[in-house]
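Trainee: Once you've had a glance at the structure underneath, I'll fire off some questions.
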Amino acid sequence: MISNKRQIEIKKRADKAHQAIMGQNIDNENLATYFKSVGLAVVNADLSDLAATAYTLYNMDKDQPQIVVENALNHRDWIYMLAKKLGQLILGWDYQVSQNNPQVVERLCQEVNQVDDIAILDYPFSDGSGQCPTNNPIEAEANLFAEQFLVPDATARPILQGLDWQTLSTAQLIQKFSLIYFIDDQIARNRLTTLIQEVSQSK
7 MISNKRQIEI KKRADKAHQA IMGQNIDNEN LATYFKSVGL AVVNADLSDL
57 AATAYTLYNM DKDQPQIVVE NALNHRDWIY MLAKKLGQLI LGWDYQVSQN
107 NPQVVERLCQ EVNQVDDIAI LDYPFSDGSG QCPTNNPIEA EANLFAEQFL
157 VPDATARPIL QGLDWQTLST AQLIQKFSLI YFIDDQIARN RLTTLIQEVS
207 QSK
């Protein structure tokens, strides 16, 4: 369970990151392009024989992080994974460079045609299986960051109010937000629940 204070902090950092990377743009479908524009490399790769669907690497020669994501994911899940990986970098968890899996490093170097020295950033919730329990607080933080980053308050509130949300069903609102922000229905539902509550309380 994330404390209210921590939730507020994560949301603020996600909103700030969105403003710095995407401004007022909401075309999450092109998120990789926005990442690259601020020097964050994104690589689409076949990770089917590895334990995880995404890795955060550190290119030591270029002194920059790189995100490698499984290309078999559907595009909405692929975008969501990018946002979660960004959260891992921005939230400042105590991660360490993993030196104990040279096979993965070698495999990723081959997959991304990498000639520079790289290291895998190994986060506390990573147990090598690629599976993160949903009750893991760090996983919960990454999910919260990703949802807020992909559907920031600055753009979502005006859109919600412009939809005349009180006359629409929940299913209709979810469908509209899913299309507008290029997100899956569950993320749309989560954000709409919060947004509607906040808009209602502000009246």
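Numbering (my numbering), first residue to last: 7 to 209.
Even glycine gets a Cβ: it sits at the ideal position worked out from N, Cα and C.
(1) Contact between the stretch 11-30 and the stretch 143-156 is defined here as three or more beta-carbon pairs at a separation below 8 Å; is this criterion met?
(2) Under a three-way DSSP split, which group does residue 130 fall into?
(3) What's the C-alpha gap between residue 90 and residue 197?
(4) When you compare each of 160, 185, 171, 53 to residue 26 by their alpha carbons, which one comes out closest?
(5) Express the C-alpha separation of residue 51 and residue 12 in angstroms, rounding to a whole number.
(6) Using a 10 Å radius around the Cβ and a threshold of 16 neighbouring Cβ atoms, would you call residue 194 buried or exposed?
(7) Does the Cβ-Cβ distance between residue 93 and residue 70 come in under 7 Å?
(8) Are residue 76 and residue 59 close, meaning C-beta to C-beta below 7 Å?
(9) Specify the secondary structure class of residue 80 as computed by DSSP and reduced to three states.
(10) Using three-state DSSP, classify residue 205 as helix, strand or coil.
(11) Does DSSP classify residue 21 as helix, strand or coil?
(12) Could you compute how far the alpha carbon of residue 62 sits from the alpha carbon of residue 72?
(13) So the candidates are 192, 95, 202; which of them puts its Cα closest to the Cα of residue 173?
(14) Considering only C-alpha positions, which residue in the set 24, 150, 165, 163 is nearest to residue 10?
Mentor: Result, derived from the coordinates:
(1) yes
(2) The predicted model places residue 130 with a pLDDT of 40, which falls under 50 and marks its position as unreliable, so this point remains unresolved.
(3) 15 Å
(4) 160
(5) 33 Å
(6) buried
(7) no
(8) yes
(9) coil
(10) helix
(11) helix
(12) 6 Å
(13) 202
(14) 150
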